[in-house]
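Numbering (the numbering used here), first residue to last: 875 to 1231.
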């Protein structure tokens, strides 16, 4: 009698009904077979024509989903349009194009709920209400007294650059405040009342302007920024918005640029440039720039320019001493300095133009 040495293993031994794994498998099979049918039965029962609540709930769910989808598509389309108008503003070639793009962007942009975090709207609103009340109830002398003491340039941080970046108009509340201030200033100037003498009006205007300050246009240095300075100045002049005070340094006081492919031709040849670098430590010949500026401005001094135009020109120059800050030359600090000399000194930065004392 032979005894078999082979043993067999039942594959369902570890998944039998008595083990935990077997029970889990059984429940899984049961659910996979019965759950879909149960769901179909429940859905058919809920959506039966006699079950009005189920039909209404399903219709409301479908309407909500469709509304969500439509809202998402509308927001995506609006964001795409806003991106288009922002790109149009960045690539605008004139102020009219930029203004049109900014107007369309304002129309596409929802009300900015975060503006309250950029400035103190409650303070501006209370000051506006106080100004209006004083204009309606108070005397002209009261208006002058309070405006002289309460007029602040950056009231409630309303000059925050984030409030005005990429916008055609300032926020409505700030605009109303500025309009009210302008109305009261005109009221004081145009008043025929004997309550204020002409000398008092002039003193009020002079003191208020001195305390409030005047806007100045500052043109920074850098040859690449000179191209942008030209467009800014052109647009401000066209719209009669150029401030009386204009200051600049280097390319901000004079604009020029050499083409790369004609660099050595305009500079006098490669050997001339090398000789100039080795001798003076600079690439350009400053005498050529001096002749050009002298031809454009003659020998006009800062004082003479102010007397002729009424505008204040300021040119920043570096100090010859190491630890001394830069100097701003204008009709007060350097009245008898000629403008072409100051502009040349402002442009004479290291390795480009030979410095002059």
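Glycine included, C-beta positions come from ideal geometry on N, C-alpha and C.
With a Cβ-Cβ cutoff of 7 Å, do residue i and residue j count as a contact?
| i | j | result |
| --- | --- | --- |
| residue 1173 | residue 1211 | no |
| residue 971 | residue 1014 | no |
| residue 1051 | residue 1002 | yes |
| residue 992 | residue 1025 | no |
| residue 1121 | residue 1188 | yes |
| residue 1176 | residue 1219 | no |
| residue 959 | residue 973 | no |
| residue 1055 | residue 1032 | no |
| residue 997 | residue 1030 | yes |
| residue 1042 | residue 977 | yes |
| residue 1045 | residue 989 | yes |
| residue 1171 | residue 1214 | yes |
Of the residues the options, which one's Cα is nearest the Cα of residue i?
| i | options | result |
| --- | --- | --- |
| residue 1178 | 1204, 1022 and 1092 | 1204 |
| residue 1023 | 948, 1079 and 1120 | 1079 |
| residue 1200 | 950, 942, 1054 and 1190 | 1190 |
| residue 994 | 1183, 1034 and 959 | 1034 |
| residue 979 | 952, 935, 934 and 1171 | 952 |
| residue 1010 | 984, 1058 and 1042 | 1058 |
| residue 1019 | 1029, 1028 and 1008 | 1008 |
| residue 1105 | 942, 1043, 968 and 1005 | 968 |
| residue 1115 | 1103, 936, 1122 and 1091 | 1091 |
| residue 1168 | 1216, 1206, 1185 and 1063 | 1216 |
| residue 961 | 1040, 1111 and 938 | 1040 |
| residue 1012 | 963, 1062 and 1053 | 1062 |
| residue 948 | 984, 1102 and 936 | 984 |
| residue 1102 | 939, 966 and 957 | 966 |
| residue 1186 | 1193, 1192, 1206 and 933 | 1206 |
| residue 1017 | 1065, 1027 and 1028 | 1065 |
Assuming the contact rule is C-beta atoms closer than 8 Å, residue i and residue j should be a hit. Round their C-beta distance to whole Å, please.
| i | j | result |
| --- | --- | --- |
| residue 1118 | residue 1083 | With a Cβ gap of about 11 Å, residue 1118 and residue 1083 do not count as contacting. |
| residue 999 | residue 982 | Incorrect: roughly 27 Å between the Cβ atoms, too far for contact. |
Can you check DSSP and say which residues form a bridge with residue i?
| i | result |
| --- | --- |
| residue 1202 | 1190 |
| residue 826 | Residue numbering for the chain in the displayed model covers 875 to 1231; residue 826 lies beyond these limits and cannot be assessed. |
| residue 1106 | Paired residue(s): none; residue 1106 is not in a bridge. |
| residue 1120 | 1091 and 1187 |
Within the 7 Å Cβ cut-off, does residue i reach chain B?
| i | result |
| --- | --- |
| residue 1167 | Here chain B cannot be found, since the structure has a single protein chain. |
Exercise. What are the uninterrupted segments assigned as alpha helix (DSSP H) that are 4 or more residues long and contained completely in the region 1038-1099, given in chain order?
Worked result: For the region 1038-1099, whole alpha helix (DSSP H) runs of length 4 or above, ordered along the chain, are 1046-1063 and 1072-1086.
Exercise. At which residue ranges does the region 995-1033 contain complete alpha helix (DSSP H) runs of 4 or more residues, listed in the order of the chain?
Worked result: Segments of the alpha helix (DSSP H) lying fully in the region 995-1033: 995-1011 and 1014-1024.
Exercise. In chain order, which beta strand (DSSP E) runs of at least 3 residues are fully inside the region 932-1000?
Worked result: Those beta strand (DSSP E) runs which fall completely within the region 932-1000 and span 3+ residues do not exist here.
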